[in-house]
Amino acid sequence: MADKSTIVLFSGDLDKAIAAFIIANGAAAYDHEVTIFFTFWGLNVLRKDKAVKTNKGLLEKAFGWMMPRGAKKLGLSKLNVGGLGPQMIKHVMKKHNALSLPQLIELAKEQGVKLVACTMTMDLLGLKQEELIDDLEYAGVAAYLGDASNGKVNLFI
Amino acid sequence: MADKSTIVLFSGDLDKAIAAFIIANGAAAYDHEVTIFFTFWGLNVLRKDKAVKTNKGLLEKAFGWMMPRGAKKLGLSKLNVGGLGPQMIKHVMKKHNALSLPQLIELAKEQGVKLVACTMTMDLLGLKQEELIDDLEYAGVAAYLGDASNGKVNLFI
Amino acid sequence: MADKSTIVLFSGDLDKAIAAFIIANGAAAYDHEVTIFFTFWGLNVLRKDKAVKTNKGLLEKAFGWMMPRGAKKLGLSKLNVGGLGPQMIKHVMKKHNALSLPQLIELAKEQGVKLVACTMTMDLLGLKQEELIDDLEYAGVAAYLGDASNGKVNLFI
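Okay, here's the thing in structure tokens:
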């Protein structure tokens, strides 16, 4: 039976999301069954970059405005410098032929990494399925624990 | 023998503390023996909300003043906006009938989740046992490693 | 066979680095084979405190200037207060005879904790081997996953 690995991606920071996907893609390349469970700010990694019309309350709209819209808009956990840091990181990644975050996400999908959006925090932050990218699963903490209980490597990022 | 799970709660952010307790309560519901080990800023989650008279040096007093006093006073890791963010999160949690952090802590106690305060960082930050909520255990890194070595899911939050 | 434990140290914050080394040294004292894998900002923990002449592009130089130069220069994840917080923490650690971060790093080396610098993020941030302290190993995510797949306690800090 294949080894399992799970990552809870709680953070919506570009640098942490990159780290999560590099580990996930690495584990998938070693034939681990890998799940990334996106919760809280991590859900922003999965947002479509264009606004989607939805029927929301004011607070949910406010969260929607204040949070970054997808993998191309994320800030850094350090040295963000008003958006300069992410540009610097993206520049050096391109220079070194490293995959960008959107490419890492595509690779993860191709390798069968299971991308799970936490439905409870989607409700809290007012995020709807139609605002998130395709090919996701939707589940709660019970599904996460089911995977993690059999996981070899379980990380919270 | 029951599965074991451990969480090191290093963070004193409301959002991360909520995530930690949701995972811990979920694991306890699946009959895992769960330990949350509170260290550094995570100890602030356990502070009583009223000041307790203690005999402390000036530096320890300064830490006491600067750090949030308990689960109701914590900030967010993102979108804190001077305390507006935590109010927004508490509001949407109430609206969705999600348990508040104080309720999640009570539920954890009822389910037998072991709440352990790290004595070494208590010393460093000048926190006394009488300043923390009831029903805690007090231990160091050795006790944590004893639990984690047999843990199925070990997270650092 | 000895138990294995791994820590990914992604953070370059003093408080998180201290937590990582306390856990690593504790696990080593229990005869675990311990690896700390330093990536992204965590690499700053390993920088020499004196500038080393290297041949770098402008962006890599900029990262070098903006990031803290070694274990003595790190900030706190909370209560940094422009560098006051780290001084307070160092003061109380000394008062309580706790080992400083540079001492914790030395102890880790003496106990045979494997300190691995992530070569991919070294490239991105423009850090050269001669800028980092001695006795390190250099590897990528594959080496990390090899260790973590056999790890009892795997943390991301």
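If you read the sequences in order, they're chains A, B and C.
First residue of the first sequence? That's 20 in my numbering, and the numbers climb one at a time after it.
First residue of the second sequence? That's 20 in my numbering, and the numbers climb one at a time after it.
First residue of the third sequence? That's 20 in my numbering, and the numbers climb one at a time after it.
For glycine and all other residues, C-beta sits at the position ideal for the given N, C-alpha and C.
Take the alpha-carbon of PHE40 (chain C) and the one of GLN130 (chain B): they are about 32 Å apart.
Sequence-distant Cβ neighbours of ILE124 (chain B) in its own chain, meaning closer than 7 Å and more than five residues away, are PHE40 and ALA90. In the structure shown, VAL111 (chain C) falls within a helical segment according to DSSP collapsed to helix, strand and coil.
Taking a C-beta distance under 8 Å as the contact criterion, ILE152 (chain A) and LYS75 (chain A) do not qualify as a contact pair.
Taking each of B:VAL111, B:LYS171 and B:TYR163 in turn and checking the Cα distance to GLU79 (chain A), the smallest one comes out for B:VAL111. Measuring C-alpha to C-alpha distances from LEU146 (chain C) to each of C:HIS51, C:PHE56 and C:ALA81 identifies C:ALA81 as the nearest. Pairing GLU156 (chain C) with THR73 (chain C) gives a Cβ-Cβ distance that is not under 8 Å.
Proximity of VAL64 (chain C) to chain A, defined by a Cβ-Cβ separation below 8 Å, is not satisfied.
Ranked by Cα distance from ALA70 (chain A), the options A:GLY102, A:ARG88, A:GLY159 and A:VAL132 are led by A:ARG88.
A straight line joining the alpha-carbon of GLN106 (chain A) with that of LEU143 (chain C) spans about 13 Å.
Annotation for SER168 (chain A): no beta strand (DSSP E) segment contains it, though the alpha helix (DSSP H) segment containing it runs 160-168. By the neighbour-count criterion, in which a residue is buried when 16 or more other Cβ atoms sit within 10 angstroms of its Cβ, ALA36 (chain B) is buried.
In the displayed model, PHE57 (chain B) falls within a strand according to three-state DSSP. No Cβ-Cβ contact shorter than 8 Å links VAL27 (chain B) with ALA167 (chain A). Where LYS72 (chain C) is concerned, there is no enclosing alpha helix (DSSP H), because DSSP gives it neither an H nor an E. Taking a Cβ-Cβ cut-off of 8 Å, MET85 (chain C) has no neighbours in chain B, whose nearest Cβ is about 22 Å from it. Rounded to the nearest whole angstrom, the C-alpha separation of ALA136 (chain C) and ILE42 (chain B) is 31 Å. Considering only beta carbons, the part of the segment 48-60 of chain B lying closer than 9 Å to chain C consists of THR58, PHE59 and TRP60, in chain order.
Between SER24 (chain A) and GLY170 (chain A), the C-beta gap is smaller than 8 Å, which places the two residues in contact. Listed along chain A, the residues sitting closer than 7 Å to ILE41 (chain B) by beta-carbon distance are VAL160. When DSSP states are grouped into helix, strand and coil, PHE40 (chain B) belongs to the helix group.
Residues of the segment 107-131 of chain B with a C-beta atom less than 9 Å from some C-beta of chain A are MET107, ILE108, HIS110, VAL111, MET112, LYS114, HIS115 and ALA117, listed in chain order. When rounded, the separation of the alpha-carbon atoms in GLY94 (chain C) and LEU134 (chain B) is 28 Å.
Interface residue (Cβ-Cβ distance to chain C less than 8 Å): LEU28 (chain B) is not classified as such.
Not a single C-beta of chain B is nearer than 8 Å to the C-beta of LEU151 (chain C). A check of alpha carbon separations from PHE175 (chain A) across A:ALA117, A:GLY83 and A:TRP60 identifies A:TRP60 as the nearest.
Using beta-carbon distances, ASP22 (chain B) counts as an interface residue toward chain A, with a partner under 8 Å.
Residue range 120-129 is occupied by the alpha helix (DSSP H) that includes LEU123 (chain C). Residue-level contact by beta carbon holds for LEU174 (chain A) and chain C, with a gap shorter than 8 Å.
Taking every protein chain shown into account, the CB of HIS51 (chain B) has 16 or more other CB atoms within 10 angstroms, so this residue is buried.
Sequence-distant Cβ neighbours of ALA47 (chain C) in its own chain, meaning closer than 8 Å and more than five residues away, are VAL53, ALA127, GLN130, GLY131 and VAL132. Annotation: the continuous alpha helix (DSSP H) that includes LEU144 (chain B) extends over 138-144.
Its chain contains CYS137, THR138 and MET139 as the residues whose beta carbon lies nearer than 8 Å to that of GLY159 (chain A), once the 5 sequence neighbours on both sides are disregarded; these appear in chain order. If the five residues before and after GLY102 (chain C) are omitted, its C-beta is found closer than 8 Å to the C-beta atoms of GLY94, all from its own chain and listed in chain order.
Within chain B, no residue has its beta carbon less than 7 Å from that of ASP142 (chain C); the closest one is some 26 Å off.
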